[in-house]
Structures are given as structure tokens and as C-alpha cells.
Amino acid sequence: MEQKFEPIKDCAHKILAISDTMDILNGKWKMSIVACLCYKPMRYSELLNEVKGISGKVLSRELKDLEINELIERRVLSTAPVAVEYRITEYGNSLKELTNTIADWGFIHRKRIISRMKKD
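Residue numbering for the sequence shown follows full-length UniProt numbering, beginning at 1 and increasing consecutively.
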């Protein structure tokens, strides 16, 4: 007799929440941008230098997406010449713990893989 599959309610609920989160933070660059802005507000050129490997076009697109999702805000500074600064919002700052957790896991994983490669 075939066993009937019954979805786990809590699991399905978490999967939906994870899916929603990944829809907003998807891609190679968004978490890096958020992590940088959790430290301090930055101008476009500073972000372009800080997030290694990102192109200007991609940075512009990612900043717009993060702004639409209320994770960052764009401020025009009253300087001559006019400058634009990006900063994390209070809502976006709620991702700080997540970025730290992901970074910690990444350090551990990198160390583990490098250690394994040295053994081989």
C-alpha cells in the first residue's frame, strides 16, 4: 500500500516566507549592497568600489529594486556638485542580523572547503 504524503504545515509556511525573502534579495549583489549600507551610508561611487565585480548598470538596477522594497533610501545631498547617497532604512536594518549570520556561515563554509581541498 502506498504511503500518503501529507505536507507539514509549519514547513510549508516557512517555505513561503523563505520564497518571499528570496524574491526580494535574489541575485548575486543585493545582500552585499545591504551589508555595506548596514555599516554606513554610501554614495554610488563608493558602493561601486566596495562591491567588487558589480557593473554600474547592475548596481543602478539593484539599488532601484532595494529602494522599491523599502530596504534602502536614496538621498540627494545639497552639495555642489549635487551628490546622491544611499542609506539603509530602519526596515532594511532588520536584515543586519541575517547578513551577519550569512557572512558567518560563509566564513565557516569557505574554511571547511579550503581545508578539505588541502587534504586532497
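In this text, a Cβ means the ideal position worked out from N, Cα and C, and glycines have one as well.
Burial state of residue i, where buried means 16 or more other Cβ atoms lie within 10 Å
i: serine 32; result: buried
i: tryptophan 29; result: buried
i: methionine 42; result: buried
i: glycine 53; result: exposed
i: glycine 27; result: exposed
Beta-ladder partner(s) of residue i, from DSSP
i: alanine 83; result: Leu77
i: methionine 42; result: Tyr86
Inter-residue spacing [alpha-carbon to alpha-carbon] between residue i and residue j
i: alanine 35; j: lysine 96; result: 7 Å
i: residue 121; j: glycine 56; result: The first residue shown for the chain is 1 and the last is 120, placing residue 121 beyond what the model contains.
i: leucine 63; j: aspartate 20; result: 18 Å
i: leucine 37; j: arginine 87; result: 6 Å
i: arginine 74; j: lysine 111; result: 36 Å
i: glutamate 46; j: arginine 61; result: 16 Å
i: threonine 79; j: leucine 48; result: 20 Å
i: lysine 118; j: glutamate 6; result: 44 Å
i: alanine 12; j: methionine 22; result: 15 Å
i: tyrosine 44; j: isoleucine 68; result: 17 Å
i: histidine 109; j: valine 51; result: 21 Å
Backbone secondary structure at residue i - three-state DSSP
i: isoleucine 72; result: strand
i: aspartate 120; result: coil
i: leucine 95; result: coil
i: serine 19; result: helix
i: lysine 4; result: coil
i: asparagine 26; result: coil
i: isoleucine 51; result: This sequence places valine at residue 51; isoleucine is not what is there. Valine 51: coil per DSSP, three-state reduction.
CB contact check: residue i to chain C, cutoff 8 Å
i: valine 51; result: Note that chain C does not occur in the displayed structure, where there is just one protein chain.
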